[in-house]
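For reference, the structure discussed in these notes is given below.
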Amino acid sequence: MKKKRDLEQFLGFGILFLCVGATLFFLAAILFFVAVKGISVINWEFLTQGPRNGMTAGGVAPAIVGTLYLTLGAILFAFPLGLACAIYLCEYSPKGWVINLIRISINNLAGVPSVVFGLFGLAVFVKYFGFGVSILSGSLTLGILSLPVIISATQEALLSVPQSLREASLAVGATKWQTIHRIVLPTAMPGILTGVILSIGRIAGETAPILFTAATFYKKGYPNSIFSEVMVLPYHIYALMTEGAHPEKQTAIAYGCSFILLCMVLLVSLAAIVIRQKQRSLAHG
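Per the numbering used here, residue 10 is the first one in the sequence shown, and the count goes up by one each step.
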């Protein structure tokens, strides 16, 4: 009997290690492939100047700046809204089938194709509200796209906080909001930031939503307001690979953009992970 349990345990751990190894292999393969293809065009001019000569020379600085603007705008819109929604659902909402239906709807919303969000942003923000093709329209659309991930991750983080902490806080005279603000949120913050990290990765790499709401293939200079259309790395990669008139030169630039986009996502995620670790240390300190 013991030998059977040991064999089952050995097989189980073997499968787990195999899955982890396969995941790491594919991740490393993607990073290596993009780096090898794109690093040859990376230089100071490529990072600090705009495109020239029909997108066959120069750099992609406006697209880098535009990607940062859209990512930052989307997070500034989605994070407070998602956090407030999750707090209500977990801490204030009455129990019942209506709340369960709302939770199921939020989870299902995460599976909606991103192009549908793009069409929604086009109809609502670009046309109905009159924001036009702009940073504002793109940020709001990407923010809505990331809301399900942020809400779901925040709910899981809040629900993981032991009920005894809430009861102890209420027992010493704290109000419900003081308990949430000073006890529950600091304890749950590492999990909440995990949702933000996942959202940043998705926001920065989306093409379909910004195709309708924010992106332009070429723009001279940098955006000067939230109502300016903007160059962004995902759409720039797509345009170079599908609409370029000089594929031998533009393909290399597209791989260079891909490498920069990966590095940006990794750096922002790394910064968020560092903040999460500090929050975790404070919560346990």
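Beta carbons: idealized from backbone N, C-alpha and C, even for Gly.
The stretch 41 to 86 contains, as complete alpha helix (DSSP H) runs of 4+ residues, the segments 53 to 57 (chain order). By the neighbour-count criterion, in which a residue is buried when 16 or more other Cβ atoms sit within 10 angstroms of its Cβ, P60 is buried.
DSSP, read as helix, strand or coil, puts V241 in coil. A contact between stretches requires three or more CB pairs, one per stretch, nearer than 8 Å, and the stretch 113 to 131 fails this requirement with the stretch 81 to 91. For R211, the uninterrupted alpha helix (DSSP H) segment begins and ends at L194 to G214. Cβ neighbours of L270 within its own chain (closer than 6 Å, five residues either side excluded): L242. In the three-state reduction of the DSSP assignment, A183 falls in the coil class, being assigned neither a helical nor a strand state. Approximately 22 Å separates the beta-carbon atoms of P199 and R112; this is outside 8 Å, ruling out the contact. Take the alpha-carbon of G182 and the one of G82: they are about 39 Å apart. Between the stretch 212 to 232 and the stretch 163 to 183, the count of C-beta pairs closer than 8 Å stays below three; the two stretches do not touch. Looking from the CA of N62, the closest CA among K258, G265, M273 and L279 belongs to K258. Bounds of any alpha helix (DSSP H) do not take in G141, whose DSSP letter is neither H nor E. Per DSSP, the continuous alpha helix (DSSP H) segment holding R112 begins and ends at W106 to L118. The C-beta of S169 has fewer than 16 other C-beta atoms within 10 Å across all chains shown, which makes the residue exposed.
Rounded to whole angstroms, the separation of the alpha carbons of P103 and R14 is 45 Å. Note on geometry: alpha-carbon atoms of F221 and W106 lie some 36 Å from one another. For A224, the secondary structure class from DSSP, reduced to helix, strand or coil, is strand.
When only Cα atoms are considered, L90 and I96 end up about 10 Å apart. For G210 against I51, the beta-carbon gap comes to about 21 Å, at or over 8 Å, which does not count as contact. Per DSSP, reduced to three states, the secondary structure at Y247 is helical. Its chain contains G82, F134, I235 and F236 as the residues whose beta carbon lies nearer than 8 Å to that of L145, once the 5 sequence neighbours on both sides are disregarded; these appear in chain order. Put simply, the backbone Cα of L118 is about 6 Å away from that of P157.
One alpha carbon belongs to A280, the other to L207, and they sit about 13 Å apart.
For the set W186, A213, K287 and Y101, the Cα lying nearest the Cα of G152 is the one of A213.
The C-alpha of Q18 is placed about 50 Å away from the C-alpha of A248.
Residue E238 holds the alpha-carbon nearest to the alpha-carbon of G75 among E238, A37 and V283.
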